[in-house]
Structures are given as structure tokens and as C-alpha cells.
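Under the working numbering, the first residue of the sequence shown carries the number 127, and numbering increases by one thereafter.
To keep things clear, I will list the structure first and then write my remarks on it.
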Amino acid sequence: NNQAAYKICKKNLRLENPDYVHINYLMAQVVSACTTSLRYDSILNATLNEIVTNLVPFHQFRYPVLSLSPIRHPSSCHECNSTQEILKELFDGRNIMADCGQHLSHNRYFAACVLLRGRERYQREDKDERDLASARLSHRASKTMVHGNNRLEPEEDMGAIQANNAARQLQQLLTSTDSHRVPVRLVPWVSTGGFKVGVVGEKAHVDSEFMAPTERQGALIANTTAVRRLFVQQFAKFCKLFYHRAYVWQFLSANGEIDMFFEAKEGLLDMINSYELELRRCASWENEDRGDTRSGVAGQTNLPEQRMT
């Protein structure tokens with residue numbers, strides 16, 4: 127929504143007064159990243175039908191949220207955004223294109239589709255990760271080319287992002303032991319099979335005056351119970367407007383019926399309750415598996431006073 131897009135422009139892109147030009151460009155980047163696998167051939171392709179099939183387990187839970195990474199100020203063009211860093215930022219509330227990012231840690235994901243594009247340095251499976259990391263640093267220091275203010279990695283060592291590497295990084299997010307980061311939590315009955323990954327070897331095209339260019343870019347289309355916070359906000363606004371009969375007479379003068387307002391209120395309330403019930407089921411399931419009561423429904427939905435008469 128626009129509110130989340132404005133926050134991203136102010137915090138991530140350091141724009142003091144973002145306008146619709148900035149918002150539209152940000153949205154264009156998100157749409158471009160989400161449809162990359164439809165426009166380029168790749169080993170792991172993800173069509174819209176496949177994405178929808180994996181994301182929507184039940185008809186009532188059909189409202190996904192989007193995320194984009196990296197979103198950096200143009201002065202940060204020297205940063206090398208690894209696949210691991212991109213995946214972490216995709217599940218960070220600061221990059222979510224909906225005003226529910228601050229509630230992600232209290233909710234569960236039904237499913238998530240990660241779409242990666244760009245190139246990364248090849249990895250060798252016969253090396254230990256520590257040795258490989260140190261070799262990368264020394265190799266980058268000796269062979270990294272400088273072009274203006276941008277750091278370019280050597281072409282001969284670059285290739286499409288490796289799907290196995292991305293899948294391994296996603297599994298680490300599920301089992302993260304970092305004290306500064308809450309693990310990504312899927313609904314219990316999905317376990318570790320809730321991710322779909324699409325990989326395209328084409329570099330993203332970014333306006334360097336608006337956003338820092340990068341060799342790699344990622345987009346996330348996720349179905350999470352946190353989206354209910356958006357419906358709660360809309361429910362509160364709806365109750366306030368209808369209580370004061372705002373714009374009601376225009377609707378009635380166009381041959382509308384007053385009962386339609388009450389039906390809309392009940393439908394939205396049922397949707398919020400269905401997400402809340404599903405979240406409680408997740409907490410109960412997790413407690414039964416562990417034999418304790420550690421899981422709870424934090425950040426519960428607090429509906430406003432329903433003054434509709």
C-alpha cells in the first residue's frame with residue numbers, strides 16, 4: 127500500500143519528500159522483479175499459475191504481500207549484496223510493501239515464492255565454507271575491477287544464482303539461531319516445503335539516480351497471516367466513516383441499499399476472524415508438538431468499537 131511505500135522511500139532511499147514519481151518507480155521495480163521468470167527463460171521457471179497454486183492454500187487466504195531487495199540509496203552502490211543478504215532482507219519488515227511488516231514476527235507464512243535474478247560467483251562444493259569465504263575476499267581484492275564509483279566483479283567467475291545455494295539459505299532462515307533475528311515461521315503443517323524458488327540469470331535494470339544498482343535482486347510474494355493487520359485498519363476506517371454517514375447519501379442516491387454497508391462490514395469481520403483463528407491453530411499445533419505452551423498469539427487483533435447504527 128502507499129503508506130508502506132512512502133516509509134520505504136524515506137527510510138531505505140533517504141528521500142525527504144517522496145512523491146508519486148518515486149512511488150510509481152518503486153512499484154515498477156517490484157512488478158518487474160515479480161514477473162522476471164515470465165519474461166526470461168531459466169532452469170527454475172515460475173509461471174503465474176504455479177505461483178498462485180503454491181501461495182493460496184484456501185480461498186479465504188488469498189491476499190499475498192510483496193517485498194523487494196535490495197533497496198538502497200544510490201550512494202550505496204559499492205555494496206556487494208550477496209544472495210544470503212538479499213533473502214534476509216526480503217523477510218525483513220522494512221522491505222515489505224504493505225503496512226504490516228512490524229507484525230511479521232508474530233505471524234506465520236502459509237507459503238512464499240522467492241524470485242531471484244542476477245549473477246553470483248560460482249561456488250565449489252569440495253571446499254569448506256570458511257575457506258571459500260576467505261578465498262573470495264582475497265580473489266575480490268586482487269581481481270575486482272573499478273568502473274567509476276561502481277565495483278564490478280570479474281565476469282569470468284560470474285554465473286546465474288545457484289538454486290541450491292538459495293534453497294540452503296532459505297532453510298537457514300527457518301532454523302536461525304541468531305539472537306538478533308526471529309526465524310521465519312511457516313504454518314506447522316507445511317514444515318519446510320513452503321518455499322518456491324525462481325532463478326533468472328539476467329541482471330536487473332535500475333535507475334542509478336533513484337536506487338543503487340546491483341548485480342543481484344530478489345522479490346518475495348508471500349502469503350502470511352500478518353496481512354490481517356491491513357484489514358483491521360480498513361475496518362477501523364470503515365466504522366468511523368459509516369458512523370458519521372460519510373458519502374452514504376451519494377450511494378443511496380445511486381439506487382444503492384443501506385444493507386450493503388452492513389454486509390460489507392460482516393464480510394470484512396469474518397475475514398479478520400478467519401486469519402485470527404488460523405493463527406491460533408498454528409500456536410496450538412506448535413505447543414502440542416513440543417509439549418509446552420511457548421507459542422502464543424502475540425499482537426492480537428484489537429478491533430475498534432463497532433458503532434454502526
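Every residue gets a Cβ at the ideal spot worked out from N, C-alpha and C, and that includes glycine.
Small disclaimer: the values here were computed from a predicted structure and weren't measured.
Would you list the one or two residues that DSSP bridges to residue 195?
344
Residue range of the beta strand (DSSP E) that includes residue 365
No beta strand (DSSP E) holds residue 365; the alpha helix (DSSP H) holding it covers 354 to 369.
On a Cα-Cα basis, can you pick out the residue from 328, 134, 365 and 401 that is closest to residue 148?
134
Rounded to whole angstroms, what's the CA-CA distance from residue 437 to residue 312? Just pull it up for me.
Residue 437 cannot be examined here, being either before or after the span of the chain that is shown, 127 to 435.
The stretch 344 to 356 / the stretch 179 to 190 touching (three or more Cβ pairs under 8 Å)
yes
Could you tell me whether the stretch 223 to 237 touches the stretch 197 to 211, using the rule of 3 or more Cβ pairs below 8 Å?
no
Distance, residue 407 Cα to residue 258 Cα:
Per-residue confidence for residue 258 stands at a pLDDT of 45, beneath the threshold of 50, marking its modelled position as unreliable; the derived number appears in the next sentence. Cα to Cα, residue 258 sits roughly 43 Å from residue 407.
Alpha carbon to alpha carbon, what distance is there between residue 218 and residue 227?
7 Å
Do the stretch 315 to 335 and the stretch 357 to 374 make contact, defined as three or more Cβ pairs closer than 8 Å?
Between the stretch 315 to 335 and the stretch 357 to 374 there are fewer than three inter-stretch CB-CB distances shorter than 8 Å, so the stretches are not counted as touching.
Grab the span of the beta strand (DSSP E) containing residue 246 for me, first residue to last.
235 to 247
Check whether the stretch 145 to 162 touches the stretch 364 to 371, counting contact only when three or more Cβ pairs, one atom from each stretch, lie closer than 8 Å.
Because the criterion of three Cβ pairs below 8 Å is not met, the stretch 145 to 162 and the stretch 364 to 371 do not touch.
For residue 162 versus residue 243, is the C-beta spacing smaller than 7 Å?
yes
Quick one: measure Cβ to Cβ for residue 240 and residue 292, integer angstroms, because I've assumed they're closer than 8 Å.
About 7 Å separates the two Cβ atoms, so the contact holds.
Beta strand (DSSP E) containing residue 325: first to last residue?
321 to 326
With burial defined as no fewer than 16 other Cβ atoms inside 10 Å of the residue's Cβ, what is the status of residue 384: buried or exposed?
exposed
By alpha-carbon positions, which one of 336, 335 and 331 ends up nearest to residue 343?
331
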